[in-house]
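Everything below concerns the one structure shown next.
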Amino acid sequence: MEGKKRSELGVELLETSILGIKKETGDGFKTVMIETGRGRVECRYYAAEGASKAVIMVGGKGVGFDTPADGLYPRLCVDLLDCGISSLRVRFRYPADLAEATMDVLVGIEFLKGEGISGFGLIGHSFGGAVVIQAAHNESAVKTIVILSTQSLGISPISNLAEGVSALLIHGDKDETLLSGSSVYAYFLAHEPKKLTIYEGVGHDLAEVSDEVYKEVKSWIEDYLK
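Quick note on numbering: the sequence shown equals residues 0 to 225 in numbering that gives the first Met the number 0.
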C-alpha cells in the first residue's frame with residue numbers, strides 16, 4: 000500500500016507498506032498478523048474456498064475485536080462462508096485515530112487482494128462507521144458499505160463514493176452515545192443505491208434488535224456483494 004491519499008476532512012492518510020504476514024489457526028478462523036511500517040495489524044480471517052469477494056468488519060473505540068448487535072460480526076463471518084464470501088475482522092491499533100484506523104482497514108484490503116479477493120464490502124460500527132467510509136473513499140474495489148450507529152465526524156466522503164457503491168445505514172432512535180441524526184445525515188449525503196433503517200426504542204449497540212440487524216445486513220451483503 001504505497002502513496003498518500005487525502006480524506007474529505009483534510010486528514011492525510013498514512014503511508015505504509017506490508018513487511019510480513021503471519022497466520023495461525025484459531026477457533027474457526029485464522030489469526031493474521033500483518034507487520035507494517037507503522038506496526039502490527041491483527042485480524043481474524045474466515046476464508047471461503049475459492050472466494051473472490053470478502054467483507055471487512057470493524058468495531059468502534061473499544062478494545063479488541065468488539066462487535067455490535069450481540070455478536071453480529073462472528074455470526075456473519077461464519078454464515079457468509081456458506082455464501083462463498085470470506086470475512087476479515089480487523090482490530091484497530093489506535094481505536095480513536097481516524098487516519099490510523101483507516102490505514103488498518105486499507106492494510107486488510109491489501110492482504111485480502113493477495114488472497115485472490117477482488118471485490119469488498121465494509122461494515123463498521125460507531126467510530127468504525129466513519130473509518131469504513133474513509134476507506135471506501137480511498138479504495139475502488141469496495142462495492143458496498145454497511146454503517147451501524149455511526150458518528151458524524153468523518154462521514155462526508157460518503158457523498159463522493161464511486162457510482163454504484165451501495166450504502167446501508169442502521170441506527171437506533173434511543174442511541175445516547177451517537178444520535179441517530181448522524182445516520183440520517185449520512186443517508187442524505189449518500190447516492191443510490193442506499194437504505195436507512197432507524198429502529199425504535201433501540202440503543203447504540205443495537206442489541207435489542209440483534210436478529211433483525213443480522214438478517215438485514217446479511218441480506219444486503221448477499222444482494223450487493225455476491
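Even glycine gets a Cβ: it sits at the ideal position worked out from N, Cα and C.
Whole-angstrom C-beta distance between serine 117 and serine 51, which should lie under 8 Å: The Cβ separation is near 5 Å, so the contact holds.
If I measure Cβ to Cβ from lysine 22 and keep anything under 6 Å in the same chain, skipping five residues before and after, which residues do I get? Spatial neighbours of lysine 22 in its own chain (CB-CB distance under 6 Å, excluding positions within 5 residues in sequence) are listed in chain order as Lys29 and Val31.
According to the neighbour-count rule (16 or more other Cβ atoms, all chains shown, within 10 Å of its Cβ), is glutamate 99 buried or exposed? Residue burial is scored here from C-beta neighbours: glutamate 99 has at least 16 other C-beta atoms within 10 angstroms and is therefore classed as buried.
Please report how far the alpha carbon of glutamate 221 lies from the alpha carbon of threonine 35, in whole angstroms. 32 Å
Determine, using beta carbons only, whether threonine 15 comes closer than 8 Å to chain D. Among the chains in the structure shown there is no chain D, since it carries only a single protein chain.
Less than 8 Å between the CB atoms is what I'm expecting for alanine 46 and serine 16, so what's the real figure, rounded? So it is not a contact: roughly 23 Å between Cβ atoms.
Could you check whether histidine 203 and serine 125 sit closer than 8 Å to each other, using their CB atoms as the reference points? yes
Is it right to say valine 77 is buried, meaning 16 or more other beta carbons lie within 10 angstroms of its own, or is it exposed? exposed
Excluding the five sequence neighbours on either side, which residues of its own chain have a C-beta within less than 7 Å of the C-beta of valine 212, listed in chain order? Ala68, Leu71, Ile169 and Leu205
Whose CA, out of Leu13, Ser155 and Leu87, lies closest to the CA of histidine 190? Ser155
Complete alpha helix (DSSP H) runs within the segment 152-208 (minimum length 4 residues, chain order): 180-188
Less than 6 Å between C-beta atoms, sequence neighbours within five positions excluded: which residues of the same chain meet that for serine 158? Leu188
Give the single residue among Ser165, Arg92, Leu13 and Lys142 whose Cα lies nearest to the Cα of glutamate 41. Arg92
Distance, Cα to Cα, valine 228 vs glycine 59? As displayed, the chain neither begins before 0 nor continues past 225, which places residue 228 out of reach and without an answer.
Measure the alpha-carbon distance for histidine 132 versus threonine 24 and round it to whole angstroms. For the sequence presented, residue 132 should be read as isoleucine rather than histidine. The straight-line gap from Cα to Cα measures roughly 30 Å.
Can you grab the Cα-Cα spacing for the pair leucine 224 / glycine 120, in whole Å? So the alpha carbons of these two residues sit roughly 7 Å apart.
Alpha-carbon spacing of alanine 135 relative to valine 164, whole angstroms: 9 Å
Quick one: complete alpha helix (DSSP H) runs, 4+ long, within the segment 35-104? 71-79
Cα separation between aspartate 210 and leucine 160? 29 Å
Excluding the 5 residues preceding and the 5 following leucine 147 in the sequence, name in chain order all residues of the same chain whose CB lies nearer than 6 Å to its CB. Pro67, His124 and Ile169
Between which two residues does the alpha helix (DSSP H) holding glycine 128 run? 126-136
Nonlocal neighbours in the same chain, by C-beta distance under 6 Å from tyrosine 198, ignoring five residues either side: These residues qualify, in order along the chain: Gly171 and Val208.
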